[in-house]
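Asks: Sharing a structure with you now.
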Amino acid sequence: MKRDTDKFHLMKVFHMVATKGSFTDGAKELGMTVSSVSKAVQQLESNLRTKLLYRTTRSQSLTDSGKIYLAQARLILADIKALEEQLLQQAQHPSGTLRVTAPIAIGQFFLSPKIHEFMRLYPQIRIELFLSDRVVDVTEEGFDLAIRSRNVPETSPLFCKKLGSHSRKLVAAPDYLAGVELPKTPARLPDLKLLNYSGSQALAAWSFSHAGQEIAFEPEAALSCNNYYALLQAACSGCGVANLYQYLVDEKIEEGTLIHLLPEWKQSGRELYAIYHQRRDISPKLDKFISFLSRSIT
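Rendered as structure tokens:
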């Protein structure tokens, strides 16, 4: 690799000397000493085993080999400059297709409402969103990014960035709460009809903390379901008290469809991670999307 880098450096030096017409002017343009420029041209001639420049104390001129090399060097350097400008443009205005996978609930209630804002900011980026509660193989299945609630093992070749965390909230419909005694602590929750998630990564216990006090219990649910949307609908319909992530219920709380119970009692959050196999510094579209998601989680 270093040898190839040296070849490129020697080409640039020779090109500048030949273009400027002298070692002095070429050295000034490159920010090098004349002796360094002279050594570079000599090294290039040695590598190529041919003379590129006729040099006297007062003038210099290209040999036939020098003319051939200069013509090709101009084409190569022009291509490299065009490539650099293209990549710079791509970094400033990223484009292309970004394949993203996420669990169904996260995709439906968190990602989907946010994506329109990202697409407005970066209209040249196309999103392919695949929602599944199955843990997909990011590399084998051709995804650029996976959103997961678990970190990857240290031995994994994948990259991982923590995006943030979502807290859980106890919620119930006003109609249901109108017919029961409102709980003052989580210890009274078992007296109510509880709606519990029973899918992958389900909570073994509902745990709460407040002012140094901790309360935990295993819910005996009136309704168990492996689908967050179904539980949300059940809560909105007045079936009982659900314990759901904030991105599922915040809008319903704001519009009054659900009431947030025991807000002073805190629960552990659900951490979200971005899992990807390509370095962000060489994929502007991936970097922009991950940064956007990090800002979106409050």
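Under my numbering, think of the first position of the sequence shown as -6, with each following residue one higher. Idealized CB from N, CA, C, for every residue including glycine.
#1: Specify, as a first and last residue, the run of the alpha helix (DSSP H) that H109 falls within.
#2: CB L151 to CB H270, shorter than 7 Å?
#3: Taking A267 and K177 to be in contact with their CB atoms under 8 Å, please state how far apart those CB atoms are, rounded to whole angstroms.
#4: As a quick exercise: from Y238, L279 and G19, pick the residue whose alpha carbon is nearest that of Q260.
#5: Between which two residues does the alpha helix (DSSP H) carrying L175 extend?
#6: Is the stretch 181 to 193 touching the stretch 65 to 72 in the sense that three or more CB pairs, one from each, lie closer than 8 Å?
#7: Beta-carbon separation of C87 and I118 under 7 Å?
#8: Counting C-beta neighbours from all protein chains within 10 Å, is the total for D274 16 or more, i.e. buried, or is it exposed?
#9: What residue range is occupied by the uninterrupted beta strand (DSSP E) comprising N40?
#10: With a threshold of 8 Å on Cβ separation, who are the neighbours of I252 within its own chain once the five nearest residues in sequence on each side are excluded?
#11: Is DSSP giving Q65 helix, strand or coil here?
#12: Check whether the stretch 227 to 241 touches the stretch 113 to 132, counting contact only when three or more Cβ pairs, one atom from each stretch, lie closer than 8 Å.
#13: Say the cut is 6 Å; is the CB of Q226 nearer than that to a heavy atom of the ligand FAD?
#14: Cβ atoms of P179 and M208: under 7 Å apart, would you say?
#15: DSSP puts W258 in a beta bridge; with which residues?
#16: Classify A131: buried if its beta carbon has 16 or more other beta carbons within 10 angstroms, exposed otherwise.
#17: Under the three-state reduction of DSSP, which class applies to C229: helix, strand or coil?
#18: Under 8 Å by Cβ, that's how I've got G59 and A11 pegged, so tell me the actual separation to the nearest angstrom.
#19: What alpha helix (DSSP H) runs, 4 residues minimum, are completely inside the stretch 140 to 227?
#20: Please report the distance separating the alpha-carbon of L55 from that of L286.
#21: Starting from V93, follow the beta strand (DSSP E) in both directions and report where the run begins and ends.
Replies: In short, the structure shows the following:
#1: The count along the sequence shown starts at 1 and reaches residue 109 at position 116. Run containing H109: S105 to L114, per the alpha helix (DSSP H) assignment.
#2: Walking along the sequence shown from the start, residue 151 turns up at place 158. Walking along the sequence shown from the start, residue 270 turns up at place 277. For L151 and H270, yes; Cβs fall inside 7 Å.
#3: Taking the first residue of the sequence shown as position 1, residue 267 is located at position 274. Taking the first residue of the sequence shown as position 1, residue 177 is located at position 184. 40 Å between Cβ atoms; not a contact.
#4: Position 267 of the sequence shown, counted from the start, is the residue given in the question as residue 260. Checked all of Y238, L279 and G19; the closest Cα to Q260 is Y238.
#5: Stepping through the sequence shown from its first residue, residue 175 is reached at position 182. From DSSP, L175 is part of no alpha helix (DSSP H); its letter is neither H nor E.
#6: no
#7: Within the sequence shown, the letter at position 94 stands for residue 87. Within the sequence shown, the letter at position 125 stands for residue 118. A quick correction: the sequence has Pro, not Cys, at residue 87. Yes; because the gap between Cβ atoms is below 7 Å, this pair is in contact.
#8: Taking the sequence shown and counting its residues from 1, the one referred to as residue 274 is at position 281. Flag for D274 reads exposed.
#9: Locating residue 40 in the sequence shown gives position 47, where the first residue counts as 1. Premise fails: N40 lies in the alpha helix (DSSP H), V27 to L41, not in any beta strand (DSSP E).
#10: Taking the sequence shown and counting its residues from 1, the one referred to as residue 252 is at position 259. Answer for I252: V164, A165, A166, P167, L170 and I246, listed in chain order.
#11: Position 72 of the sequence shown holds residue 65. Reduced to three states, the DSSP call for Q65 is helix.
#12: no
#13: No copy of the ligand FAD occurs in the structure displayed, which carries no ligand at all.
#14: Here the question's residue 208 lines up with position 215 in the sequence shown. Here the question's residue 179 lines up with position 186 in the sequence shown. With the sequence shown as reference, residue 208 is identified as Ile, and Met is not the correct amino acid for it. Yes; because the gap between Cβ atoms is below 7 Å, this pair is in contact.
#15: By one-based count along the sequence shown, residue 258 stands at place 265. Paired residues: none, contrary to the question.
#16: Translated into the one-based positions of the sequence shown, residue 131 becomes position 138. Correcting the residue identity first, residue 131 is Val in this sequence and not Ala. Buried, because 16 or more other Cβ atoms sit within 10 Å of the Cβ of V131.
#17: Start at 1 with the first residue of the sequence shown, and residue 229 comes out as number 236. In this structure, C229 counts as helix in the three-state DSSP scheme.
#18: Locating residue 59 in the sequence shown gives position 66, where the first residue counts as 1. Locating residue 11 in the sequence shown gives position 18, where the first residue counts as 1. Indeed, because the Cβ distance is near 7 Å, the residues count as touching under 8 Å.
#19: 167 to 170
#20: Reading the sequence shown from its first residue, position 62 is the one you call residue 55. Reading the sequence shown from its first residue, position 293 is the one you call residue 286. Straight-line Cα distance between these residues: approximately 57 Å.
#21: The count along the sequence shown starts at 1 and reaches residue 93 at position 100. First-last of the beta strand (DSSP E) with V93: G89 to A95.
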